[in-house]
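First up is the structure itself, then whatever we jot down about it.
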Amino acid sequence: MTLTIGILLILIVGLLLFVFQVRQSEVVVVTTFGKPTRPIKDPGAYFKLPWPIQNVHRFDQRVQNFEDKMNEGLTSDSFNLLSSVYVGWKITDATAFFPKFAGSSKPMAEAERVLERLLGNAKAAVIGKHPLADFLSTDASENRFAQIEQEILDSVRGQVKANNYGIDLEFLRFKRLGLPEAVTQSVFERMTAERQVLINKSQFEGEAEAQKIRSEAESRAVAMIGDAEAEATRIRGRGEAEAAESLAVFQKNPELANFIFKLNALESALREKSTLVFDQNTSPFDLFRGVGTNLVSRPGKTQ
Amino acid sequence: MPVDSGSQALSEALRSSFVVVKFVMVVLLVVFFGSGLFTVQEGERAIKLRFGKPVGAGEGALLGPGLHWSWPYPIEEYEKIPITAIQTIQSSVGWYQTTPEQELAGTEPPAGPSLNPAADGYVLTSDANIVHSRASVQYRISDPISYIFDFNNASNTVRNALDNSLLWAASRHTVDQMLTRDVIGFTDAVRNRLEALLADHKLGIVVEQCAVVTIPPRQLKEPFANVLKAEINRNKLLQEARSYENQVLSKASADAAGQVNLAEADRVRLVAEVESRARQFQDLLPKYEANPKLFVEQRISEVMGRVLTNVQDKIFVSQGSPGAPRELRLLLNREPVRKTAAPATK
Chain A
0 MTLTIGILLI
10 LIVGLLLFVF
20 QVRQSEVVVV
30 TTFGKPTRPI
40 KDPGAYFKLP
50 WPIQNVHRFD
60 QRVQNFEDKM
70 NEGLTSDSFN
80 LLSSVYVGWK
90 ITDATAFFPK
100 FAGSSKPMAE
110 AERVLERLLG
120 NAKAAVIGKH
130 PLADFLSTDA
140 SENRFAQIEQ
150 EILDSVRGQV
160 KANNYGIDLE
170 FLRFKRLGLP
180 EAVTQSVFER
190 MTAERQVLIN
200 KSQFEGEAEA
210 QKIRSEAESR
220 AVAMIGDAEA
230 EATRIRGRGE
240 AEAAESLAVF
250 QKNPELANFI
260 FKLNALESAL
270 REKSTLVFDQ
280 NTSPFDLFRG
290 VGTNLVSRPG
300 KTQ
Chain B
0 MPVDSGSQAL
10 SEALRSSFVV
20 VKFVMVVLLV
30 VFFGSGLFTV
40 QEGERAIKLR
50 FGKPVGAGEG
60 ALLGPGLHWS
70 WPYPIEEYEK
80 IPITAIQTIQ
90 SSVGWYQTTP
100 EQELAGTEPP
110 AGPSLNPAAD
120 GYVLTSDANI
130 VHSRASVQYR
140 ISDPISYIFD
150 FNNASNTVRN
160 ALDNSLLWAA
170 SRHTVDQMLT
180 RDVIGFTDAV
190 RNRLEALLAD
200 HKLGIVVEQC
210 AVVTIPPRQL
220 KEPFANVLKA
230 EINRNKLLQE
240 ARSYENQVLS
250 KASADAAGQV
260 NLAEADRVRL
270 VAEVESRARQ
280 FQDLLPKYEA
290 NPKLFVEQRI
300 SEVMGRVLTN
310 VQDKIFVSQG
320 SPGAPRELRL
330 LLNREPVRKT
340 AAPATK
């Protein structure tokens, strides 16, 4: 029992002294008496001689974020453009990285200082090759935003490779774009003028379009009434034509037809509230001339 | 067996110190194995690393809240991750300088005549206008291993990608598209760009939601508001014109229908009347032909009879002697008698 515990303890102490872990997120450089002897990239458990013979230096192997400060660049058409980019970079070659940066107390910060310098140069060079329209354009084929980012990335990558810093850039993108403070004021003035143009346009267009709608409506209304009148005339004409067909019947006896028409006309003319003045020749008042009236006794006055 | 009292004391001492050593060894073992115990709190997760490699893959590698045990270093390690199911990130460029207190109160700092690029964020639109825009994105970590072990600060990387998406989308939209005409298109552009960047960077996250707010510079509030007003006014004018149009057209169409209907009615009446006359004529024709003279006389008398009952005043004038003029005076009062009488009785 005692023995097992003792062996276990010896094992544990041995493990702690002679074995070290490399995490997936790390890259490790083992130094022997201060000289780098072994870089390790892959995670796992590794053997080392105990301190002070061998020492383990760990570096973060993950993608690091770095943003540079806003700085001014001149576009090819002489606009002052402020820009800042962010990059994702990581250590790819610990053996190359170690001698260049491990001397500093903060090797990562040191590497980023180098990056900032490279970025500044690359940005100035690339921005100077493009007009402002390459940065800002509605037309997808003319907008070279992503292309410019790629150009800066390629340039910085080339520098990093050439200097063998043991790092690589995963991505580089713009983080901010801006204009010098004095320019913003004149942009505001231009924007205000553009707004005024839009206001005027709205007013003018609104009135013109409303007027157009009204006058179109009126002319359509006139046309509709005109059409209806024509249609009405046509219908009446058709009525008369149809009536005329029936009139053919009257040809059988025009005399009777005339007589009936006259009678109907007479009847409808005297439907109500009329005053009639007759003389004795009118039928049926001609009866008054016959026997039994006092008119007969005055033959001089009758015919 | 006689025992030497000295050696007996020595063995006593040895035995008791063995007990102490044994006790210390047991304590060391307990401490060693006990150091592998750890708890995961609510709102965080842990990943176990065996010889530096994560145990498990994808979301399966995440240990939930509770008590866990791992082999102590150097066999295993664990890494705690502060995580909530959904993470929220806000863009850090594109908005004017403001403090959380001002945000909460809904107020804003006074606007100067210009924007200081060091302090005030904004984005440039494709028509070289300045607007403020900010995006907030909610995402879920779908691959925690790559999120934790491939990126030094993954949430910063997400924020950077979001900032870039905002710039990129703004650079290909006009100020009016961003503010009014195509707000959805702009938001979609931001989101699509963000998703493309995240996939490119292999961050191992999934975007759940992306919201974008865009406002004109505070310095130009009034001109922008006036454009909206003018547009509203214009729509009002058009609305009025359309309602006038409706009114005119519906009146015209009613009038037109009226005219046509009237004509139709006239036609029907005319045809019916003539037809009825024709029928009457057809009926009467045989009677007339039987004896025209008698028929005519009969008809006249009949009609005269009917007519005379309707006629109000009938005046019969007999023929006077020739050469002697006769005078007839008529005073016609066409008004109904009762109507004139009624007011008189008052």
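From first to last, the protein sequence lines are chains A and B. Under numbering that gives the first Met the number 0, think of the first position of the first sequence as 0, with each following residue one higher. Under numbering that gives the first Met the number 0, think of the first position of the second sequence as 0, with each following residue one higher. Cβ atoms here follow ideal geometry from the backbone N, Cα and C, with glycine treated the same way.
| Query | Result |
| --- | --- |
| Chain B contacts made by the stretch 75-107 of chain A, where a contact means CB separation under 7 Å | L81, Y85, G87 |
| Nearest-angstrom Cα separation, counted from K292 of chain B out to A256 of chain A | 14 Å |
| Cross-chain neighbours of L236 of chain B in chain A, by beta carbon under 7 Å | G205, E206, A209 |
| Touching by the beta-carbon criterion (3+ pairs, under 8 Å), the stretch 32-47 of chain A and the stretch 88-95 of chain A | yes |
| Range of the contiguous beta strand (DSSP E) that encloses N64 of chain A | 63-66 |
| Cutoff 7 Å: K174 of chain A Cβ touching any chain B Cβ | yes |
| C-beta contact flag for D265 of chain B and R233 of chain A at 7 Å | no |
| V259 of chain B in three-state terms, based on DSSP | helix |
| Neighbour flag for A227 of chain A against chain B, beta carbons, 7 Å | yes |
| Where Q96 of chain B falls, given that 16 or more other Cβ within 10 Å makes a residue buried | exposed |
| Span separating the alpha-carbon of A134 of chain B from that of F46 of chain A | 49 Å |
| Start-to-end residues for the beta strand (DSSP E) that takes in T213 of chain B | 204-214 |
| Local Cβ density within 10 Å of N152 of chain B, reported as buried at 16 or more and exposed below that | exposed |
| At least three beta-carbon pairs within less than 8 Å, the stretch 185-192 of chain A to the stretch 137-146 of chain A | no |
| Under 7 Å by beta carbon: chain A residues contacting L27 of chain B | L8 |
| Of the residues B:S242, B:S252, B:T156, B:L227, the one placed nearest L197 of chain A, counting alpha carbons only | B:L227 |
| Below-7 Å beta-carbon distance, F58 of chain A vs any chain B residue | no |
| Near-chain A residues of the stretch 286-309 of chain B (beta-carbon distance less than 7 Å), N- to C-terminal order | Y287, V295, R298, I299, S300, V302, M303, R305, V306, N309 |
| Own chain, CB closer than 7 Å to P298 of chain A, minus 5 neighbours either side, in chain order | Summary for P298 of chain A: the model assigns pLDDT 45, below 50, so the residue's position carries little reliability; its value from the coordinates is reported in the next sentence. So the list is empty, once near-sequence residues are dropped. |
| Contact check, T98 of chain B vs T173 of chain B, beta carbons under 7 Å | no |
| Under 7 Å between C-beta atoms of V62 of chain A and V27 of chain A | no |
| Chain-ordered neighbours of L135 of chain A on chain B, where CB pairs are closer than 9 Å | L123, T124, S125, D126, A127, A169, S170, R171 |
| Burial state of W50 of chain A, where buried means 16 or more other Cβ atoms lie within 10 Å | exposed |
| Test: E230 of chain A CB closer than 7 Å to a CB of chain B | yes |
| Run of the beta strand (DSSP E) containing G43 of chain A, from where it starts to where it stops | 43-46 |
| Short CB-CB distance (under 7 Å) between V92 of chain B and chain A | yes |
| DSSP state of L10 of chain A mapped onto helix, strand, coil | helix |
| Reference R270 of chain A, options B:V270, B:V310, B:I231, B:R268, closest by Cα | B:V310 |
| Host beta strand (DSSP E) of G111 of chain B (start-end) | Neither: G111 of chain B is in no beta strand (DSSP E) and is coded neither H nor E. |
| Residues that T30 of chain A bridges to, as DSSP identifies them | A:P35, A:N54 |
| is_contact[Q63 of chain A, chain B] using C-beta, thresh 7 Å | yes |
| CB-CB length for V54 of chain B against K47 of chain B, believed under 8 Å | 4 Å |
| Best match in B:I82, B:L307, B:I231, B:S132 for proximity to G42 of chain B [C-alpha to C-alpha] | B:I82 |
| Of the residues A:Q23, A:A209, A:R156, A:G225, the one placed nearest D254 of chain B, counting alpha carbons only | A:G225 |
| Neighbouring residues, chain B, relative to S24 of chain A (Cβ below 8 Å) | I147, F148, D149 |
| DSSP state of K122 of chain A mapped onto helix, strand, coil | helix |
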